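Okay, so the sequence shown: first residue is 1 according to our numbering, each after it adds one.
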Amino acid sequence: MEVQAKWEVLARWDELSEDQGKAVKHGDTPLVIFKQKDQATVMVNRCPHKGAPLHGGKIVNGEVVCPWHNFRFDTCTGVSPTNPGRCATMFPTKIENGFILADLANPFMNDQNAPEDQLNTSIGLEFNDYIKRKMKSAGKFNLELDLFDTQLLKKYQGFVELGDQVSMIVRPQTSIPLMEIINGEIKRRQFKSFSVNITYAGTPHHSPGYFGFWHINDVDEMYISVPGQEEGEDPYLIIVMNKPREEEKDTWAHFCLKCGTLLFERSHEIAKTGVPGIWASERKYLKEFNSDITLRTCKNCGEVHPLGYSIMKKWNTPEEEAARTTW
């Protein structure tokens, strides 16, 4: 229900640029102002995906590109063109006597079905949440794994739940690197034996030739690389992560391999469906992405993306499986 308007002066019109959002703060609320011709738009200065400051993003064709993960939002409507379910929180705005005013008492979203704007505060919340759940696994024996016992590791291939808090995946590791998108740039990582690597929550990551999409977790992932103990045996990659909580999701996405623009993404509520639901969601996502050439065509640079493909070879069409060798 709309409450009484509370118009606040935020900036002068002549301070704004169409090339860059202007960051302002009112009380404890970070805001960003965008200028498009004779119109000004005021939004919460946080990407609804992972809380990145939107004023640091580039403006391309009237859309602000999130500086962290390349999510795009229309600077006039706040709507994401690739996923309308993620909308920026906005405020009624007007221009009077050369000043920008916003009604900060009545925030809104242009998609009424969109989730509430959530800032990723996992660093601050994880410890408090841990205290609340304090030792739910108390009384159970601790699990000890001998990383040199590869016969034992083979028993843990696939998704394994360890207690109430942790999940683990063990898979043979080839020379495939891990690709990540960090600050809008694609980075490559090659795991060294006995190395420990962490991919933080919200980081798009992709293993060429292993899964044909970008995966975005709402939990951190820790990778431990262990060499094979027998001659000719592949090394193993152990992936350890917290079990997702009710509000956390897995996201499948595709980004332009040429310019990094987000092409398409869908989220899956893994805490509700468990591991079996992951595969159905992955298949549904790939079918939607692969069947529509407009989703695979970058609106920024025109590059056409190859088909996506599943981790499970048996679920791919011949065309999807052929794409495994291209990216």
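The C-beta atom is built at its ideal place from N, Cα and C for all residues, glycine as well. Note that the structure is a prediction, hence the values are computed from the model and not measured.
In its own chain, which residues sit with a C-beta less than 7 angstroms from the C-beta of residue i, not counting the 5 before and 5 after it?
i	result
Pro227	Ser193, Pro235
Thr326	Pro306
Lys314	none
Glu248	Asp218, Val219, Ala271
Lys50	Trp68, His69, Asn120, Gly202
Arg189	Pro177, Leu178, Glu180, Asn197
Glu15	Lys22
Thr297	Val304
Asn290	Leu307, Gly308, Glu320
Tell me the DSSP bridge mates of residue i?
i	result
Ala312	Reading the sequence as shown, one finds Met at residue 312 and not Ala. DSSP lists no partner for Met312.
Pro48	Pro48 pairs with nothing; no bridge assigned.
Cys87	Val79
Gln36	Gln39
Trp252	His215, Arg266
Glu96	Phe99
Arg245	According to DSSP, Arg245 bridges with nothing at all.
Arg296	According to DSSP, which records beta bridges pairwise, Arg296 is partnered with nothing at all.
Arg72	Val65
Glu282	In DSSP, Glu282 forms no bridge with anything.
Glu320	Answer is none; Glu320 lacks a bridge partner.
Leu178	Arg189
Ala11	Ile100
His206	Met179
Excluding the 5 residues flanking residue i on each side, which residues of the same chain have their C-beta closer than 8 angstroms to its C-beta?
i	result
Ile311	Tyr210, Phe211, Glu282
Asn300	Val60, Asn61, Cys256, Cys259, Thr261
Ala105	Val3, Gln4, Ala5, Lys6
Ile198	Asp220, Glu221, Met222, Tyr223
Val9	Phe99, Ile100, Leu101
Gly78	Thr41, Met43, Cys87, Ala88, Thr89, Met90, Met109, Asn110
Pro92	Ala5, Ala102, Asp103, Asn106, Phe108
Arg72	Val60, Glu63, Val64, Val65, Cys66, Ser80, Pro81, Thr82, Thr261, Leu262
Ser207	Ile176, Pro177, Leu178, Met179
Ala340	Here the chain has residues from 1 to 327 only, and residue 340 is not among them.
With DSSP run on the structure shown, which of helix, strand or coil describes residue i?
i	result
Asn106	coil
Gly289	Residue identity check: residue 289 is Phe in the sequence provided, not Gly. Note: Phe289 maps to helix in three-state DSSP.
Leu31	strand
Asp220	coil
Lys6	coil
Ala201	coil
His55	helix
Arg189	strand
Glu63	strand
Ser225	strand
Glu18	coil
Lys25	strand
State buried or exposed for residue i, treating a residue as buried only when at least 16 other CB atoms are found within 10 Å of its CB.
i	result
Ala355	For residue 355 there is no data in the structure shown, the boundaries of the chain being 1 and 327.
Thr294	exposed
Arg46	buried
Ala280	exposed
Arg86	buried
Ala322	exposed
Gly27	exposed
Glu221	buried
Val24	buried
Arg12	exposed
Pro244	buried
Asn97	exposed
Ser267	buried
Ser80	buried
Glu319	exposed
Ile216	buried
Gly308	buried
Might you give, ordered along the chain, the residues of its own chain that have their beta carbon closer than 6 angstroms to the beta carbon of residue i, omitting 5 neighbours on each side?
i	result
Gly260	Asn70, Gly184
Lys58	Val65
Ile224	Val196, Ile238
Trp7	Leu101, Asp103
Val32	Gly21, Ala23, Met43, Asn45, Leu54, His55
Asp74	Glu63
Glu18	Lys35
Glu180	Lys187, Thr203, His205
Glu246	Ala271
Tyr200	Asp220
Tyr285	Trp252, Arg266
Asn316	Tyr309, Ser310
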